[in-house]
Every structure is written in C-alpha cells, then in structure tokens.
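J.: Residue numbers (my numbering): 47 to 198.
Think of the CB as a built atom: it goes at the ideal place given N, C-alpha and C, for glycine as much as any other residue.
Remember, it's a predicted structure, so these values are computed and weren't measured experimentally.
Pasting a structure here, questions to come.
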Amino acid sequence: MMQKADILKADVSDIPEIALIEEKYIPNGWSEKAFSDWTNNQNTVIFKAVLDGEIIGFANGSWVLDEAELLNIAVVDQARRKGVAAMLLDALENYFMEKNAEKIFLEVREKNLSAINFYEKHGFVKNGLRKNYYSNPIDNGVLMTKIIKTGE
Ligand SMILES: CC(C)(COP(=O)(O)OP(=O)(O)OC[C@H]1O[C@@H](n2cnc3c(N)ncnc32)[C@H](O)[C@@H]1OP(=O)(O)O)[C@@H](O)C(=O)NCCC(=O)NCCS
Numbered sequence: 047m048m049q050k051a052d053i054l055k056a057d058v059s060d061i062p063e064i065a066l067i068e069e070k071y072i073p074n075g076w077s078e079k080a081f082s083d084w085t086n087n088q089n090t091v092i093f094k095a096v097l098d099g100e101i102i103g104f105a106n107g108s109w110v111l112d113e114a115e116l117l118n119i120a121v122v123d124q125a126r127r128k129g130v131a132a133m134l135l136d137a138l139e140n141y142f143m144e145k146n147a148e149k150i151f152l153e154v155r156e157k158n159l160s161a162i163n164f165y166e167k168h169g170f171v172k173n174g175l176r177k178n179y180y181s182n183p184i185d186n187g188v189l190m191t192k193i194i195k196t197g198e
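In structure tokens form, the structure reads like this:
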C-alpha cells in the first residue's frame, strides 16, 4: 500500500509544481500565471498532498462571507483511487468551516464522471447546469453544492 501523503497548506513557491499538475490533468485549466494572480486575492487557499518530497495533488478554493468555492482539485495518475483527493477535500472543508463558510459550490465538466462521482461520494448535490460552459473541448458545466454548516 502507498505510504500516506501529507496534506499541507501550499504557498507561492509551490505554484510552478502545482500548475504542472493542473496543466497535465485539467483540460483547459489554469496557467501558472493564473494561479499566481489568483493567490494575490484575499480569501484564497491551496492545499497540497506531498509524498516523498513531491507534490502528488492539490486542491484550491476561495470564500466570501458564508459561501466557499472549490476551484480545482487534481491528483497525479499514479496516486489515484487511494483517498488522496478525499484528504485534500477534507482539509479544504475544515479550513472553510473555520472561516465560517456554510456551503461550498463547485462547477465541473458534465463529461467528467470520475470527478462527479467523487463529489457525490462526498456529499455534493447537483443543482444546476450551464450549457456549453466549457471549451476545448466543449462541455456543459454541472453546478454542485454541499452544505458544511447549518446556520443558527
Ligand atoms: C477526481 C480526482 C481528483 C479524484 O482523485 P482520487 O485521489 O483518485 O480520489 P479518491 O481516491 O479520494 O476518491 C476516489 C473516489 O472518486 C471517484 N472516482 C475517482 N476516479 C474515478 C473513476 N475513474 N471512475 C469512477 N469514479 C471515480 C469514486 O467515487 C471513487 O470512490 P471509489 O474508489 O470508492 O469508487 C482525480 O480523478 C483527478 O485528479 N482527476 C483529474 C482532474 C479533475 O478532473 N479534477 C476535477 C475537476 S477540477
């Protein structure tokens, strides 16, 4: 069995490595510059999964008041189906909860069944469709939400 990866908060120095994973595994995803620009905003966070000194996955998101957004999550091919994405999502959710977010939104390609399965397994519910939202290749965007804390 694979040794357990460490889940840590990433910083700007990790962005080149993270952007490579993004480029390889997310069609038409963010560039290194897009990541760097985005981290200059307030209320953003990236978690990385590290195994033997290498980043094998990451998840990033942002929050405003009680609403959080999961923006990207990816794990390298060789480390999949071992719960790495689950650990990354867990870290992000706990972090959002500490920031008093009550729900998490995300958007995913309709054809990305492994990701949709993953999100559903972790309590996200489909609640909208954006026709032809994605390009290269063209695809619909499925909107999903998870309540992480109910208001008083
Ligand atoms: C989606 C992704 C992050 C899951 O990472 P992971 O570390 O393999 O996920 P975990 O091991 O924590 O969870 C596995 C669960 O995800 C779902 N899943 C993952 N890959 C799947 C596949 N090929 N087919 C069906 N379900 C799949 C299942 O629910 C699975 O549970 P199971 O193993 O009990 O069937 C990974 O496949 C990935 O990096 N994909 C490319 C990037 C991407 O599309 N990201 C999402 C959009 S930003």
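Rounded to a whole number of angstroms, what is the C-alpha to C-alpha distance between E200 and N140?
T.: No answer is possible for residue 200: the residues shown for the chain start at 47 and end at 198.
J.: Roughly how far, in whole angstroms, is the beta-carbon of A137 from the beta-carbon of I67, given that I think they are within contact range, below 8 Å?
T.: Locating residue 137 in the sequence shown gives position 91, counting from the first residue. Locating residue 67 in the sequence shown gives position 21, counting from the first residue. Wrong, their Cβ atoms sit about 16 Å apart, outside the cutoff.
J.: When you compare the segment 184-197 with the segment 165-172, are there three or more beta-carbon pairs, one atom per stretch, that lie closer than 8 Å?
T.: Flag = yes, the segment 184-197 and the segment 165-172 touch.
J.: Report yes if the CB atom of V96 is closer than 8 Å to the CB atom of L135, and no otherwise.
T.: Locating residue 96 in the sequence shown gives position 50, where the first residue counts as 1. Locating residue 135 in the sequence shown gives position 89, where the first residue counts as 1. Result no, Cβ atoms of V96 and L135 do not sit closer than 8 Å.
J.: I want to check one thing, is the minimum distance from the CB of I119 to the heavy atoms of ligand 1 below 7 Å?
T.: Counted from its first residue, the sequence shown places residue 119 at position 73. Yes; taking the cut-off as 7 Å, the Cβ of I119 has a heavy atom of ligand 1 nearer than that.
J.: Sort out for me which residues DSSP pairs F142 with in a bridge.
T.: Residue numbering aside, residue 142 sits at position 96 when the sequence shown is read from its first letter. Paired residues: none, contrary to the question.
J.: Compute the Euclidean distance between the alpha carbons of Q88 and D60, then round it to the nearest angstrom.
T.: Locating residue 88 in the sequence shown gives position 42, counting from the first residue. Locating residue 60 in the sequence shown gives position 14, counting from the first residue. Looking at the two C-alpha atoms, the distance is approximately 18 Å.
J.: Check each candidate in E113, V122, I72 and S181 and name the one with the smallest Cα separation from K192.
T.: On the sequence shown, position 146 is the one that residue 192 refers to. That would be E113, whose Cα lies nearest to the Cα of K192.
J.: Who are the Cβ neighbours of T85 in its own chain at under 8 Å, not counting the five residues just before and after it?
T.: Reading the sequence shown from its first residue, position 39 is the one you call residue 85. The answer, listed in chain order, is V58, I61 and I92.
J.: Taking 7 Å as the cut-off, is the C-beta of S160 nearer than that to any heavy atom in ligand 1?
T.: Residue 160 sits at position 114 when you count from the first residue of the sequence shown. Yes, ligand 1 has a heavy atom inside 7 Å of this Cβ.
J.: When you compare each of A80, V154, A161 and I194 to S181 by their alpha carbons, which one comes out closest?
T.: Stepping through the sequence shown from its first residue, residue 181 is reached at position 135. The candidate whose alpha carbon is nearest that of S181 is V154.
J.: So what does H164 bridge to, in DSSP terms?
T.: Here the question's residue 164 lines up with position 118 in the sequence shown. Correcting the residue identity first, residue 164 is Phe in this sequence and not His. According to DSSP, F164 bridges with nothing at all.
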